[in-house]
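This is the structure:
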């Protein structure tokens, strides 16, 4: 089969679209013929983390397709089932944090940027019926991360207001869709006028230019919840918009990791600051149910064939997308 | 009546033990003959915050005594009742943060370092029967702060482990007693060998020299909960001891307010960082019930008459105490 493989040099220079062998499913495993896959920022990190001294690695965390082989002891799944893959390996039940042996599909295990994947049956879920394969293929990692950050951690309620700095990436776009689906008020920020417009079209109640004075843009209205993934560049501004007793959830830090906090302000305001990343298999099922209930469809920025991986990676690297970048796999 | 009054110069130099008038209780107020009062760090802050251009102020937040006059419309309280005072003004029900008009007794309202206080009846609670006046008098602010930080915010469970940096102050000492009362494991730190020994006598499972390597002292065991009040000097070390998905509650920052955080570590570890200060009237009643159920008695470091306020303030300023500093009022 053909796959996008990382070997040798770090970064994009180490990627190739080449022939790899497929594995026969063992007990409690299935083999899925992939119809679509989705890109995540993690795919870029993996190109740096996967060592040139290790065997070639099929990258990719997100995928959807059709079961075409079933190992022994597999229940509830059969050949021909249309499925979506949970990329979280080893985090089954809702717990405050993943177990020590938790991994994400695509490093160290072979991932989804391939014609086939052989994977534990418990990571394979029925595809929501209202989604095309290309839509299901971009869902897993980002929608799971969004679900946990917004609901499990942020505990957002319909009558609350959410501030979402840096709209555009896959997770933030899902958070906007999920929050609007339950009727919350959502304010977003972006440096890009196009992304602000796209967010308003998706239902954002206000879209603020990142370079503007946020307090002024919000008429000094404080928010109940902030979900932060921009990091050092916006964290101070984000915290300044939070009401007393409000919550800030962080799941990313794309502009830098180091922030300063004033402890006295923090405890007088009785803030809650919660870290979040990925989610459990239980949350993956809850997320699929939520998507189904609200008939949510992912926003797809652009679709590439696997063979044009180089262009797709450049687009991801330049953060020009609004929503998800997909691979169609024939 | 006699009272400790701040006027004129900032700091200790502006304090005097002098004659003040008492107020007659209006509707929904009572007058309490104070038998004991307790000192808090807040009393030192008040000496800086109370402006020399304002009228003389009776300071003090903690007190206990006997009702000796009752205003109109007061229910459930009568002359002769032995009572303890909740110093939180305007925060009645449990909410994520106090209302905007929340104040603490002793600034701007006259406080408890006096022979009498006239105060809203809803701030006056029946004294737990197992406590002497001197014990009840030191309880309110610190035990309320401890209760909210440990239970409402920290949500400690019997099978969990708590790290408590900087044992010795009133709040930390109550936290140690409360956590041991429910059967939790408690590790404390202090620079003072005497305070470490005192903490062990109070039930601490381990007492670590603040200057030691904490990880090593704990054999690399991570904890479920940290309650921080030391601030800049210990925050990094405190966070480093926390297990994945663990919680750090901050209610103070005695060594400095500014801390740095690594966002990536924070969200990968799925930490919870919660600010806490004081508590509601509902929590005050819960705290009294808890004290009663577990027959907890405050640790009193030293007792002074009101007239020796100067020595008492110096002791508090030098942070030499273990537990609470009290005023006996005759």
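Chains as they are written, first to last, in my numbering: chain A, 2 to 331; chain B, 2 to 331. No residue lacks a Cβ here, since even glycine has one placed at the ideal position from N, Cα and C.
Residue span of the beta strand (DSSP E) that contains residue i, given as start and end
i: residue 249(A); result: 243–251
i: residue 162(B); result: 162–166
i: residue 117(A); result: 117–121
i: residue 207(B); result: 207–210
i: residue 311(B); result: Unbroken run through residue 311(B) is the alpha helix (DSSP H), 310–318; no beta strand (DSSP E).
i: residue 82(A); result: Note, residue 82(A): premise wrong, no beta strand (DSSP E); not H, not E.
i: residue 128(A); result: Per DSSP, residue 128(A) belongs to no beta strand (DSSP E) and is neither H nor E.
i: residue 33(A); result: 30–39
i: residue 75(A); result: No beta strand (DSSP E) holds residue 75(A); DSSP gives it neither H nor E.
i: residue 298(B); result: Premise fails: residue 298(B) is in no beta strand (DSSP E) and is neither H nor E.
i: residue 233(A); result: Unbroken run through residue 233(A): none, as it is neither H nor E.
Proximal chain B residues relative to residue i, where beta-carbon distance stays under 8 Å
i: residue 96(A); result: 246
i: residue 89(A); result: By Cβ distance, chain B contributes nothing, its closest Cβ being about 13 Å from residue 89(A), past 8 Å.
i: residue 168(A); result: By Cβ distance, chain B contributes nothing, its closest Cβ being about 19 Å from residue 168(A), past 8 Å.
i: residue 259(A); result: 261, 262, 263, 264
Limits of the unbroken alpha helix (DSSP H) element including residue i
i: residue 174(B); result: 171–182
i: residue 202(A); result: 194–202
i: residue 138(B); result: 134–138
i: residue 141(B); result: 141–148
i: residue 289(B); result: 282–294
Pair within 8 Å by beta-carbon distance, residue i and residue j
i: residue 138(A); j: residue 64(A); result: yes
i: residue 35(A); j: residue 66(A); result: yes
i: residue 105(A); j: residue 33(A); result: no
i: residue 157(B); j: residue 190(B); result: no
i: residue 129(B); j: residue 62(B); result: no
i: residue 72(B); j: residue 115(B); result: no
i: residue 6(A); j: residue 25(A); result: no
i: residue 133(A); j: residue 297(A); result: no
i: residue 173(A); j: residue 239(A); result: no
i: residue 269(A); j: residue 243(A); result: no
i: residue 108(A); j: residue 58(A); result: yes
i: residue 228(B); j: residue 292(B); result: no
Local Cβ density within 10 Å of residue i, reported as buried at 16 or more and exposed below that
i: residue 300(A); result: buried
i: residue 306(B); result: exposed
i: residue 10(B); result: exposed
i: residue 302(A); result: buried
i: residue 217(B); result: exposed
i: residue 276(A); result: buried
i: residue 154(A); result: buried
i: residue 171(A); result: buried
i: residue 113(A); result: buried
i: residue 54(B); result: exposed
i: residue 286(B); result: exposed
i: residue 120(B); result: buried
i: residue 322(B); result: buried
i: residue 253(A); result: buried
i: residue 50(A); result: exposed
i: residue 1(B); result: Residue 1(B) is absent from the model: chain B starts at 2 and stops at 331.
i: residue 163(B); result: buried
i: residue 235(B); result: buried
i: residue 146(A); result: buried
i: residue 122(B); result: buried
Under the three-state DSSP convention, the category residue i falls into
i: residue 221(A); result: coil
i: residue 323(B); result: coil
i: residue 19(B); result: strand
i: residue 47(B); result: helix
i: residue 255(A); result: coil
i: residue 273(B); result: strand
i: residue 108(B); result: strand
i: residue 186(A); result: strand
i: residue 1(A); result: Here chain A has residues from 2 to 331 only, and residue 1(A) is not among them.
i: residue 102(B); result: coil
i: residue 216(A); result: helix
i: residue 328(A); result: strand
i: residue 14(B); result: helix
i: residue 63(A); result: strand
Contact list for residue i against chain A, beta-carbon separation under 8 Å
i: residue 251(B); result: 264, 267, 268
i: residue 254(B); result: 264, 265, 268
Within chain B, the residues that residue i reaches when beta carbons sit closer than 7 Å
i: residue 274(A); result: 274
Interface residues of chain A facing residue i [CB-CB closer than 7 Å]
i: residue 232(B); result: 264
i: residue 271(B); result: 97, 98, 276, 277, 278
i: residue 242(B); result: Those do not exist, as residue 242(B) stays about 15 Å from chain A at its closest Cβ, beyond 7 Å.
Partners in chain E for residue i, counting only beta-carbon separations shorter than 8 Å
i: residue 318(B); result: Given the protein chain composition of this structure (A and B), no chain E is represented.
Residue i: CB within 7 Å of a non-hydrogen atom of the ligand FAD
i: residue 292(A); result: Inclusion of the ligand FAD in the displayed structure is not the case, the ligand content being empty and no account of it being possible.
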